[in-house]
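*Asks:*
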Amino acid sequence: MKTIRLLFAFALLGILAAPLHAAPKKKAGLNLFCWSEYVPQEVIDGFTKETGIKVNVENYASNEEMLAKLLAGGAKYDLIQPSEYTIEALAKADKLEELNLANIPNIKNLAPEFTKMPHDPDGKYSVPWMAGSVGIVVNTAKVKTPVKGYKDVFDGSHKKRIVVLNDNREIVSWALSFLDHSVNDITPETLEKVKPVLKEWLPQVKVYDSDSPKTALLNGDVDLGIVWSGEAAILFKKNKKFQYVLPSEHAHRFIDSLAIPKGAANKENAEKFINYILKPEVSVKISEAFPYTNPNAEARKLLSKAQLENPASYPPGDPKLETFNDIGKLAKDIDKLVTDLKGK
Amino acid sequence: MALINWLCGGWTALIFAFLYLPILLLIVYSFNATDFGVSWAGFTFDWYKKLWSNAPLIEALKNSLIIASITTVLSVFLGTSGAWLLHRYRFPLLKTVGTLIFVPMVIPEIIMGVSLLIFFTVISAPLNNWLAHFSEAEFGLGYATVIIAHTTFCFPFVLVAVQARLAGVDPFLEEAALDLGAPPLKAFFLVMVPYLLPAIVSGGLMAFTLSMDEYIVTIFTTGPESQTLTIKIFGMAKKGLDPSLNAISTVFVLATAALVVLAEMVRKINR
Amino acid sequence: MIATTPVASEAPSNQRRPGFLGWLLMAPMLLWLVAFVVVPTAILFVYSFCQRDELGQVVYQFSWENYRRIFIDSDTGQFGTVYWTISLRSVIYAALTTGVCLLFGYPVAWFIGRAPERRRNLLLTLVMIPFWTSFLVRTYAWITILSTEGLLNSFLQYTHLISEPFEMLYTPGAVVLGLIYNYLPFLILPVYGSVEKLDNTLIEASFDLGAGPLRTFQRVILPLTWPGIVAGILLVFIPAIGMFGITQLMGGGIQPTIGEVIQNQFLQARDAPFGAALGMTLVVLFIVVFWFTSRRQRIA
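Residue numbers (this note's numbering), protein chains in the order written: chain A, 214 to 557; chain B, 7 to 277; chain C, 26 to 325.
#1: I'd like to know whether the C-beta of residue 206 (chain B) is nearer than 7 Å to at least one C-beta of chain A.
#2: Please state the DSSP three-state secondary structure of residue 546 (chain A).
#3: Looking only at its own chain, which residues have a Cβ that is under 6 Å from the Cβ of residue 65 (chain C), when we skip the five neighbours before and after it?
#4: Nearest by alpha-carbon distance to residue 221 (chain C): which of C:239, C:249, C:236 and C:152 is it?
#5: Whole angstroms are fine: how far does the CA of residue 151 (chain C) sit from the CA of residue 458 (chain A)?
#6: Establish whether the CB of residue 555 (chain A) and some CB of chain C are separated by less than 7 Å.
#7: Suppose contacts are defined by Cβ-Cβ distances below 7 Å. Is residue 434 (chain A) in contact with residue 194 (chain C) by that definition?
#8: Can you list, in chain order, the residues of its chain whose CB lies under 7 Å from that of residue 308 (chain A), leaving out five sequence neighbours each side?
#9: I need the straight-line Cα distance from residue 235 (chain A) to residue 149 (chain B), nearest angstrom please.
#10: Which residue wins for smallest C-alpha separation from residue 246 (chain A), given the options A:482, A:409, A:269 and A:442?
#11: Give the DSSP-derived three-state secondary structure of residue 470 (chain A) in the structure shown.
#12: Output the distance between the C-alpha atoms of residue 377 (chain A) and residue 230 (chain B), rounded to the nearest integer angstrom.
#13: Could you compute how far the alpha carbon of residue 359 (chain A) sits from the alpha carbon of residue 365 (chain A)?
#14: Residues of the segment 272-288 of chain A with a CB closer than 9 Å to any CB of chain B: list them in chain order, please.
#15: Taking 7 Å as the threshold (C-beta atoms), are residue 314 (chain C) and residue 111 (chain C) in contact?
#16: Between residue 249 (chain A) and residue 241 (chain B), which are expected to be in contact by the criterion C-beta below 8 Å, what is the C-beta distance as a whole number of angstroms?
#17: Can you pull the chain C neighbours of residue 545 (chain A), defined as C-beta to C-beta under 8 Å?
#18: Would you mind telling me which residues of chain A sit closer than 8 Å to residue 120 (chain B), beta carbon to beta carbon, in chain order?
#19: Using only the alpha-carbon positions, how far apart do residue 314 (chain A) and residue 320 (chain A) sit?
#20: Mind checking if residue 88 (chain C) is an interface residue toward chain A, Cβ cutoff 7 Å exclusive?
#21: Using a Cβ cut-off of 8 Å, pull out every chain C residue sitting near residue 81 (chain B), in sequence order please.
#22: Indicate the three-state DSSP secondary structure (helix, strand or coil) for residue 319 (chain C) in the structure shown.
#23: Is there a Cβ of chain C sitting closer than 7 Å to that of residue 97 (chain B), yes or no?
#24: Considering only the beta carbon of each residue, do residue 32 (chain B) and residue 255 (chain B) sit closer than 7 Å?
#25: Near residue 130 (chain B), which residues of its chain fall below 7 Å by C-beta distance, leaving aside the five closest residues on each side in sequence?
#26: So does the segment 14-26 of chain B actually touch the segment 127-141 of chain C, counting three or more Cβ pairs closer than 8 Å?
#27: Taking only runs of the alpha helix (DSSP H) that begin and end inside the segment 243-316 of chain A, which ones reach a length of at least 4 residues, in chain order?
#28: Could you say which of B:227, B:11 and B:29 lies nearest to residue 123 (chain B) if we only look at CA atoms?
#29: Which residues, taken in chain order from the segment 162-175 of chain B, show a beta carbon closer than 8 Å to some beta carbon of chain A?
#30: Within 10 Å of its beta-carbon, does residue 2 (chain B) have 16 or more other beta-carbons around it, so buried, or fewer, so exposed?
#31: Cutting at 7 Å between CB atoms, please list the residues of its own chain near residue 563 (chain A), excluding the five before and the five after it.
#32: Going along chain C, which residues have a C-beta under 8 Å from residue 134 (chain B)?
#33: Under a three-way DSSP split, which group does residue 244 (chain C) fall into?
#34: Is residue 346 (chain A) helix, strand or coil by DSSP?
#35: According to DSSP, is residue 441 (chain A) helix, strand or coil?
#36: Count the other CB atoms, across all protein chains shown, that sit within 10 Å of the CB of residue 9 (chain B); report buried if there are 16 or more and exposed otherwise.
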């Protein structure tokens, strides 16, 4: 009895005290809102050690989650980590701060092809963090025929042995590439053309997975996959039988970058952080944790041979890569298209 | 009768085997020297060492435990009192309330998360203005908001469990206590609560479990200092669930099992 | 004291209108419901009539468009869209899960409820402990067991029971397995609550009067544990409708569930108003069904 009364009292106290405990006054520091696991802890610790600025980290697992939370306005962040099409959308809606490049001298370390990108032509709002592509992974132990592009993946001989990303826009972009359109050529007309292609493709898919498509490949449940290059790089590191192929049709290159939301309280600290991670020795740490394409030319000089030769991280040749543009309301139509096809 | 009990016992053992099969597996794999795949690559404590030095993960576990515990206490309070009061009194709008209670269960989690986020955002400005008069504290997304969100969808579980126990209860159970001169609140505690205890325990266990595992609602209502274990784990899934997650789950399972055994022993000693 | 088989539609004879104390005690829960259930649902309601803008924010412009899209197929102009098919599928999975959980779980609840008193809480906690591991971690454990090169297949091939690996994962069967696994405790626990208070003398009396076990179950045990069964059914079926993590992980996400579709609206499609409309429809449908079925129950 006493315990129960105590519990009730505790609960009541808890409710009353909660508003007072809810959030301590926003510390001067850095409020980082980033992909889980994308910013290695040692990078954060290193930054705090060097500058004395405390970093509060909050994670999300997709651009859209970040956007939804940012737009609802509940929390104030100093740094976010959007992908290229999200940056374009945010910049258009005037939700990003302009970077004070004087505070980011290390920006000169970036490889030239990563400056002046279509989503941020003047480099005013964002600094690239890591780049990657979406391409085809082939389990060469099981698949003996050559696979060069989407056409080969979906030619019918790999029915139900395929894993693809569970991302409706990606899926539509592959169909567009297959039809020799740009991945950004999204109009009601092109979507109509995409429908029959997807109608043929989707039944051949066994697994839709954006979070960890490598699982199905590693477990032998599928032989082919259209996945993020980071996943492919991890697979290649584990077993060289997993070869990465950039589709001969167009392919999507994504650029994840750092940006500062409008109204950030600690803008200078954010710029200091960006400058810090542009240091080659820090950038290398990021590459070690995540085998994506490092846009930092100086850092690349410090990478190991094995890392540079991973075809998923650094694709050879001169592939046809395109970044995604922001498509605004058309995201709705894409979702409808794919849901319709999947749901029937 | 005895035969039926035996059969049920055997069936229960089977079900327990079913429930624990993946758990045993993940415990075993937490000692596996490779970080992926089915094959066994040798015994190692590496993942536990890695876990030990992974401060954010341990911090996240601590957060999850705090949030889940407070959520459970609040849910039990709201659920039990709600169920009992609905049973005892004929409130107007009884059915409305009875139906409203299920809404958090039906509503898809993302809707709950987003709508609560909007709600918290909307009230935070006026609330902070009011709080500024007498306190340094600031209302923002953090422990309180997550706990509120979790409690909102957990307490219906307690309520339903307790309601089921109340159905068909002897109405004179309480009358008896009141007749013997006990004040109503004491009668409730001395008579009703012991009677309801199994359902309260059931409800509490369910609430705790739901809160520990909740992802989406948490994502939308949390702040940076209240990142929970589940958020961390879901994020790690992208890189590949490395066995340090198995390690932390193992630690948790073994710790709880140890606590339970300890409680048993304490009880035996007390007898 | 003889407890009669409770006729569900009778109000307990001491139920009375609440006095001041009653309302005071009820206040916390009522306030909570209003603040954190009614108000957010109202926000949602408003959203469902709005539209989204380029960035994905909400534009407050009244429109029936979202609801039209749910109910009327844009191609054929007829009633019935893919959202209905998807919802129906979700409901069927939820119903199947509930049925199997009931079958599997009742005997367990029975055993625990009739176990010696000191063991009951222990057994109950043991039921729950597996679920204090993270959902992802234990689902990936199942994936390790069920995958083509996984443990079960390896074991079956090793013992020569099968020659070719059996595809278990990424099938509806795997989804149902995952669902049952994750929802079983939510049936066992409420049913336990009712089983635990069963009076042994009643069962003995039934036997003494010549009824066999089946009859006793039907006439005595079932009605007495019925509230627990109903509670269990509600606590499994209702959440299972909106669930989608399991279909994605163990079913390969091939068949979208209504939970997944709604989630997509808020995330990928950035069309919160449409997601809100779908959510509202789900809630309203539920309220209607629940309202009319609980008329006979008078559970609360």
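Even glycine gets a Cβ: it sits at the ideal position worked out from N, Cα and C.
*Replies:* Per the coordinate set shown:
#1: On the second sequence, residue 206 (chain B) is found 200 positions in, with the first residue counted as 1. It does not; no Cβ of chain A falls within 7 Å.
#2: For the purposes of this step, residue 546 (chain A) is taken as the residue at position 333 of the first sequence. Three-state result, residue 546 (chain A): helix.
#3: For the purposes of this step, residue 65 (chain C) is taken as residue 40 along the third sequence, with counting starting at 1. Closer than 6 Å at Cβ, skipping near neighbours: no residue.
#4: As a position in the third sequence, residue 221 (chain C) is number 196, starting the count at 1. The shortest C-alpha to C-alpha distance from residue 221 (chain C) to any of C:239, C:249, C:236 and C:152 is the one to C:249.
#5: Taking the first sequence and counting its residues from 1, the one referred to as residue 458 (chain A) is at position 245. Taking the third sequence and counting its residues from 1, the one referred to as residue 151 (chain C) is at position 126. For residue 458 (chain A) and residue 151 (chain C), the distance between alpha carbons rounds to 49 Å.
#6: Here residue 555 (chain A) is taken as the residue at index 342 of the first sequence, counted from 1. It does; some Cβ of chain C falls within 7 Å.
#7: Start at 1 with the first residue of the first sequence, and residue 434 (chain A) comes out as number 221. Start at 1 with the first residue of the third sequence, and residue 194 (chain C) comes out as number 169. Judged by beta-carbon spacing, residue 194 (chain C) lies within the 7 Å limit of residue 434 (chain A), meaning their Cβ atoms are closer than that value.
#8: Position 95 of the first sequence, counted from the first residue, corresponds to residue 308 (chain A). Excluding positions up to five away in sequence, the list reads 474 and 475.
#9: Position 22 of the first sequence, counting from 1, holds the residue named residue 235 (chain A). Position 143 of the second sequence, counting from 1, holds the residue named residue 149 (chain B). Any reading at residue 235 (chain A) must be qualified, since the residue scores a pLDDT of 45, below 50, and its modelled position is unreliable; the value itself is stated next. Each residue's Cα considered, the two are about 6 Å apart.
#10: The sequence position of residue 246 (chain A) within the first sequence is 33, counting from 1. When only C-alpha atoms are compared, the closest one is A:269.
#11: Along the first sequence, read from residue 1 onward, the residue named residue 470 (chain A) stands at position 257. Shown here, residue 470 (chain A) sits in a strand according to DSSP, grouped into three states.
#12: Start at 1 with the first residue of the first sequence, and residue 377 (chain A) comes out as number 164. Start at 1 with the first residue of the second sequence, and residue 230 (chain B) comes out as number 224. Those two C-alpha atoms are separated by around 32 Å.
#13: If you number the first sequence from 1, residue 359 (chain A) lands on position 146. If you number the first sequence from 1, residue 365 (chain A) lands on position 152. C-alpha separation (whole angstroms): 8 Å.
#14: Flagged, chain order: 272, 273, 274, 278, 281, 282, 285, 286, 287 and 288.
#15: The sequence position of residue 111 (chain C) within the third sequence is 86, counting from 1. The sequence position of residue 314 (chain C) within the third sequence is 289, counting from 1. With contacts defined by Cβ atoms closer than 7 Å, residue 111 (chain C) and residue 314 (chain C) do not form a contacting pair.
#16: To locate residue 249 (chain A), count along the first sequence from 1; it is residue 36. To locate residue 241 (chain B), count along the second sequence from 1; it is residue 235. Indeed, because the Cβ distance is near 2 Å, the residues count as touching under 8 Å.
#17: As a first step, residue 545 (chain A) must be located in the first sequence, where it is residue number 332. Per Cβ cutoff of 8 Å: 77, 294, 295, 296 and 299.
#18: In the second sequence, the residue the question calls residue 120 (chain B) occupies position 114. What residue 120 (chain B) touches in chain A: 281 and 285.
#19: Mapped onto the first sequence, residue 314 (chain A) falls at position 101. Mapped onto the first sequence, residue 320 (chain A) falls at position 107. Cα-Cα distance, rounded: 8 Å.
#20: Here residue 88 (chain C) is taken as the residue at index 63 of the third sequence, counted from 1. Look at residue 88 (chain C): its C-beta is not under 7 Å from any C-beta on chain A.
#21: Residue mapping note: residue 81 (chain B) aligns to position 75 of the second sequence, counting from 1. Chain C residues near residue 81 (chain B): none, gap ~10 Å exceeds 8 Å.
#22: Counting from one through the third sequence, the residue named residue 319 (chain C) turns up at place 294. The answer is helix: DSSP assigns residue 319 (chain C) an H, G or I state.
#23: Within the second sequence, the letter at position 91 stands for residue 97 (chain B). By this cut-off, residue 97 (chain B) is an interface position.
#24: As a working note, residue 32 (chain B) is residue 26 in the second sequence. As a working note, residue 255 (chain B) is residue 249 in the second sequence. Yes, the pair counts as a contact, with Cβ atoms nearer than the cut-off.
#25: In the second sequence, counting from the first residue as 1, residue 130 (chain B) sits at position 124. Here residue 130 (chain B) has 145 and 146 as same chain residues with Cβ atoms under 7 Å from its own Cβ, once five neighbours each way along the sequence are excluded.
#26: Short answer: they touch.
#27: Scanning the segment 243-316 of chain A from its first residue to its last, the whole alpha helix (DSSP H) runs of 4-plus residues come out as 254-264, 276-285 and 297-305.
#28: Along the second sequence, one-based indexing puts residue 123 (chain B) at 117. When only C-alpha atoms are compared, the closest one is B:227.
#29: The segment 162-175 of chain B vs chain A, Cβ under 8 Å: nothing.
#30: Because chain B here runs from 7 to 277, residue 2 (chain B) falls outside it and cannot be looked at.
#31: Nothing in the structure corresponds to residue 563 (chain A), since chain A is present only between 214 and 557.
#32: As a first step, residue 134 (chain B) is located in the second sequence; it is residue number 128 there, counting from the start. What residue 134 (chain B) touches in chain C: nothing, since even the nearest Cβ is about 17 Å away.
#33: On the third sequence, residue 244 (chain C) is found 219 positions in, with the first residue counted as 1. For residue 244 (chain C), the three-state secondary structure derived from DSSP is helix.
#34: As a first step, residue 346 (chain A) is located in the first sequence; it is residue number 133 there, counting from the start. In the structure shown, residue 346 (chain A) adopts extended strand secondary structure according to DSSP, grouped into three states.
#35: The count along the first sequence starts at 1 and reaches residue 441 (chain A) at position 228. Residue state, collapsed to three classes: strand.
#36: Within the second sequence, the letter at position 3 stands for residue 9 (chain B). Flag for residue 9 (chain B) reads exposed.
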